[in-house]
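Take 13 as the starting number for the sequence shown in the numbering used here and just add one per residue.
Ideal Cβ positions, reconstructed from N, Cα and C, are used throughout, including at glycine.
Quick caveat: nothing in here was measured; it's all calculated off a predicted structure.
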Amino acid sequence: MRRPEIRQVVVTALLLVAFAVVGVGLVAATQSLTAERIEKNEKRALMRKLTQIVPEARIDNDLTRDTIRIEAASRLGTDAPSTAYVGRRDGEPVAIIFTPVAPDGYNGNIHLLVGVNVDGSIAGVRVVKHRETPGLGDVIEARKSDWIRAFAGKSLDNPDEKGWAVKRDGGEFDQFTGATITPRAVVNAVHNTLLYFEANRQRLLAKAERAQESGDE
Ligand SMILES: Cc1cc2nc3c(=O)[nH]c(=O)nc-3n(C[C@H](O)[C@H](O)[C@H](O)COP(=O)(O)O)c2cc1C
């Protein structure tokens, strides 16, 4: 190869490398920006759901920042520690919103927010994340139906142990047409969260009070 030809080959190769580097950089930057935006949106949606469960009128703290750490517990469907949010008024806990997982959805984990008032009644339940089938299992979403709102005000006594199941299993909660697995999983997870709260009530409330004092979890 003659000198001018070699030069041309080298220039072309360098140009290719430069384009590749710029291309990879652009893709990486877009990916990181998108991930950031998704995380921000998810966080905003979570905050909205927390205040749907415990409305701002009931509390005088920012429950989105008032958190306690919950040790891994099979009743909460997790084998890792989780975060719970504390709503309080005049410093006293009013409700704790747990973040349990229903592990037995039709398509795997259903991530929930379950708010429990200090008297052991349900403040509200919302779904954070799931992969249930659109049109069948996604009826658990508050924007798709009122089904999830039926938990508000329920407790371990209301209904009784037997009632904490879908109607198909002799309980009091509706199943969906052609879809019993999803609502069964959610009813079980909410019931288990109430059982967890009852078994750990003193410890949890003491922890929530300490969190207020230290301003930390
Ligand atoms: C493609 C497909 C997707 C399904 N998705 C769900 C679902 O998301 N949630 C659910 O409970 N059942 C779902 N089902 C139905 C379950 O397989 C099962 O039949 C049903 O939950 C049992 O309820 P049933 O006794 O009321 O029929 C799906 C079925 C098929 C074929």
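Residue i, DSSP secondary structure in three states
i: Arg155; result: coil
i: Thr63; result: helix
i: Ile71; result: coil
i: Ala191; result: strand
Member of the options whose CA lies at the smallest distance from the CA of residue i
i: Leu75; options: Ile50, Ala84 and Gly103; result: Gly103
i: Glu83; options: Ile193, Ala47, Trp176 and Ala96; result: Ala96
i: Asp172; options: Ile160, Phe110, Arg161 and Phe185; result: Phe185
i: Glu221; options: Arg138, Asp78, Arg56 and Val36; result: Asp78
i: Leu125; options: Ala223, Asp150, Ser94 and Asp131; result: Ser94
i: Thr63; options: Asn204, Ala197, Lys174 and Val137; result: Val137
i: Arg155; options: Lys61, Val128 and Gly165; result: Lys61
i: Asn200; options: Ile122, His142, Thr42 and Gly165; result: Ile122
i: Glu68; options: Gly89, Ala92, Asn53 and Val98; result: Val98
i: Asn204; options: Ala223, Leu217, Lys52 and Ala177; result: Ala177
i: Leu206; options: Ile193, Ala47 and Phe163; result: Phe163
i: Ile65; options: Ala135, Val139 and Phe209; result: Ala135
Continuous beta strand (DSSP E) stretch holding residue i: start and end
i: Ile134; result: Ile134 to Lys141
With 16 other Cβ atoms within 10 Å as the buried cut-off, status of residue i
i: Val33; result: exposed
i: Thr24; result: exposed
i: Thr189; result: exposed
i: Thr111; result: buried
i: Glu144; result: buried
i: Ala262; result: Given a span of 13 to 229 for the chain in the structure shown, any question on residue 262 remains unanswerable.
i: Arg14; result: exposed
i: Leu216; result: buried
i: Ile50; result: exposed
i: Pro195; result: buried
i: Asn119; result: exposed
i: Ile109; result: buried
i: Phe209; result: buried
Segments assigned alpha helix (DSSP H), at least 4 residues, entirely inside the stretch 74 to 129: Segments of the alpha helix (DSSP H) lying fully in the stretch 74 to 129: there are none.
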